[in-house]
Amino acid sequence: MNTELLTKTPAKVVDDLRGIVGRDWATGDAEKIASYLYDATEDLLRPEADSACVVVKPANPNEISEILKYANNVKLPVTVRGGGTGVVAGAIPTQPSIILSLERLNKVVELDEKDLMITLEA
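Just so we're aligned, residue 131 is where the sequence shown starts under the numbering used here, counting upward by one.
Okay, here's the thing in structure tokens:
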């Protein structure tokens with residue numbers, strides 16, 4: 131893994147990710163990423179998060195694919211984050227990471243009223 135990329139040149143990673151998702155949807159700003167460093171895991175069980183992270187918010191599966199290709203190419207770990215309601219610390223980055231927030235994937239894909247089924251993006 132190439133976590134030095136995030137500890138030494140996070141602005142480059144943010145710029146690269148902005149090239150995929152747009153300027154407003156990737157950040158390395160400490161204040162903006164603070165709420166992405168924990169979830170609903172109890173304090174006694176919650177691991178310490180590594181704050182050397184960037185947050186990226188894709189809008190569609192294509193952008194997710196491009197982000198994952200990028201992360202693989204530069205050898206950066208990815209922490210996937212849904213609503214942050216998990217209680218097993220799965221969304222907490224414990225090493226310098228790209229935090230892949232799914233919050234923009236909030237559309238209804240299909241509504242089947244007959245079978246009472248709904249398919250959502252995330």
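We treat Cβ as the ideally placed atom computed from N, Cα and C, and that holds for glycine.
Considering just the uninterrupted stretch of the beta strand (DSSP E) at residue i, what are its terminal residues?
i, result
"leucine 230", "228-231"
"valine 144", "No beta strand (DSSP E) holds valine 144; the alpha helix (DSSP H) holding it covers 140-151."
"valine 217", "Taken as a continuous stretch (DSSP letters only), valine 217 belongs to no beta strand (DSSP E), as it is neither H nor E."
"arginine 234", "Premise fails: arginine 234 is in no beta strand (DSSP E) and is neither H nor E."
Tell me whether residue i is buried or exposed, calling it buried when 16 or more other Cβ atoms sit within 10 Å of its Cβ.
i, result
"leucine 136", "buried"
"proline 177", "exposed"
"leucine 147", "buried"
"glycine 158", "buried"
Please state the DSSP three-state secondary structure of residue i.
i, result
"threonine 157", "strand"
"threonine 133", "coil"
"leucine 253", "In this structure the chain extends from 131 to 252, so residue 253 is not present and cannot be described."
Consider the Cβ of residue i: report whether some Cβ of chain B lies at a distance smaller than 8 Å.
i, result
"glycine 214", "Among the chains in the structure shown there is no chain B, since it carries only a single protein chain."
What residue range is occupied by the uninterrupted alpha helix (DSSP H) comprising residue i?
i, result
"glutamate 243", "Looking at the DSSP string, glutamate 243 is not in any alpha helix (DSSP H), and its letter there is neither H nor E."
Write down the C-beta distance between residue i and residue j rounded to the nearest angstrom, noting that I regard them as a contact closer than 8 Å.
i, j, result
"leucine 230", "arginine 211", "7 Å"
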